[in-house]
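Quick notes on the structure that follows.
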Amino acid sequence: MADFLNSLVGSIDPYMLQIFVNVGIAIVLALGLNVITGLTGQLSLGHAAFMSIGAFTSAMVTIKTGLPFVANLAVTGVVTAIVAAMIGFPILRLTGDYLAICTLGFAEIVKVFFLNFEPTNKALGLTVPPAKTAIPMPIYVWVVAIFAIVLVTFVQNSRFGRALKAIREDEIAADAMGINTARYKIQAFALGSFLAGIGGGLYAHFLSYINPSDFGFLKSVDILAMVVLGGLGSVPGAVIGSSILASAPEFLRFMSQYRMLVYGALLVFLMVFRPNGLLGGVNLTDLLLRAIGKKPTSKG
3 MADFLNSLVG SIDPYMLQIF VNVGIAIVLA LGLNVITGLT GQLSLGHAAF
53 MSIGAFTSAM VTIKTGLPFV ANLAVTGVVT AIVAAMIGFP ILRLTGDYLA
103 ICTLGFAEIV KVFFLNFEPT NKALGLTVPP AKTAIPMPIY VWVVAIFAIV
153 LVTFVQNSRF GRALKAIRED EIAADAMGIN TARYKIQAFA LGSFLAGIGG
203 GLYAHFLSYI NPSDFGFLKS VDILAMVVLG GLGSVPGAVI GSSILASAPE
253 FLRFMSQYRM LVYGALLVFL MVFRPNGLLG GVNLTDLLLR AIGKKPTSKG
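The numbering used here numbers the first residue of the sequence shown as 3 and each following residue consecutively.
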């Protein structure tokens, strides 16, 4: 089976294979943020920080222990979730733009930490040895992406997911109905960061090199754009949004220096005419208005 998969991967054009893997990793990252922002309504601008924690943790686990990649990703996800829970306990008392600013500040702290952390080679970055996998890494990435889709779909349709939606729509009313909003928000933050950490581990081992500068503010914005484009709170939307935004810059490469201009214009066009995302969902403006206690503007 492994030989067949290796030959299958080997038959694919390397450039297309890289796009294929980038899309898979983007899906995992977008689904993680969708739990935090789409389902729970907590606007986070620091998702790349948890991706970087996962990337460097996974790389160091491989270097120091040589664990099989399944165990490596499990450890990576748990470590990232624990960090998220510790950070989430104080900052999730805030809402709206205050929470967004806190997560942005945390992301910058994490970036500066890794830029000065000796074991991960500071600003020079870290070379990541190959992961111990029974199947090729591109196939592995998509196995994890499918796992993330199934997991988030299950969460969304569960009692836990319904509680998160109640918090998103009206946190005060949810609390009045007996929902422990603080606990649910921390759990959602940890779950979303768990997926971000796993995505970071996949990213590190596929590229074989990571640098703290790869996980800056713009990376967090990219992930948020994927979720908003597809539709906040929509699992299929997160999948489609991440697939489009992860692959669009490459497919627009023929336009040379204008490709990012066209990419940005397309994104603005979609956000103006489809503010709820391609597959519907929560309007980002309404989400912010709810967070600061004002009435949403849209009828849906």
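Every residue, glycine too, gets a C-beta built ideally from N, C-alpha and C.
Query                                                                                                                      : Result
According to DSSP, residues forming a beta bridge with V129                                                                : In the sequence as displayed, the identity of residue 129 is Thr instead of Val. For T129, which the question treats as bridged, DSSP gives the partners Y211.
Beta-carbon separation (whole angstroms), I169 vs K187, contact threshold 8 Å                                              : 7 Å
Spatial distance of A165 from A176 (CA atoms)                                                                              : 8 Å
G1, enclosing alpha helix (DSSP H) - first and last residue                                                                : Outside the shown range of the chain, which is 3 to 302, sits residue 1, and nothing can be said about it.
For Y211, the nearest candidate out of G202, F219 and G218 (CA to CA)                                                      : G202
For K301, three-class secondary structure by DSSP                                                                          : Below a pLDDT of 50, predicted positions are generally treated as unreliable, and K301, at 48, falls in that range; the measurement from the model is reported next regardless. Coil at K301, not helix or strand.
For K134, the residue or residues it bridges with in DSSP                                                                  : P70
Residue range of the unbroken alpha helix (DSSP H) whose run includes R305                                                 : Residue coverage of the chain in this structure runs from 3 to 302, which leaves residue 305 outside it and unanswerable.
Short Cβ contact (9 Å threshold) for G48 with G12                                                                          : no
Closest by C-alpha distance to P140, when choosing among F275, V23 and P277                                                : V23
Three-state class that DSSP yields for L45 in the structure shown                                                          : coil
Chain-order list of residues whose beta-carbon lies under 7 Å from that of V130 (same chain, five-residue window excluded) : A61, T64, A206, H207, S210, Y211 and I212
Any 3 or more C-beta pairs closer than 8 Å across the segment 133-148 and the segment 21-37                                : yes
Residues of its chain near K301, where Cβ-Cβ distance is below 7 Å and the 5 sequence neighbours each way are ignored      : Any answer about K301 is weak, because its pLDDT of 48 lies below 50 and its placement is not dependable; what the coordinates show is given next. No residues qualify anywhere along the chain.
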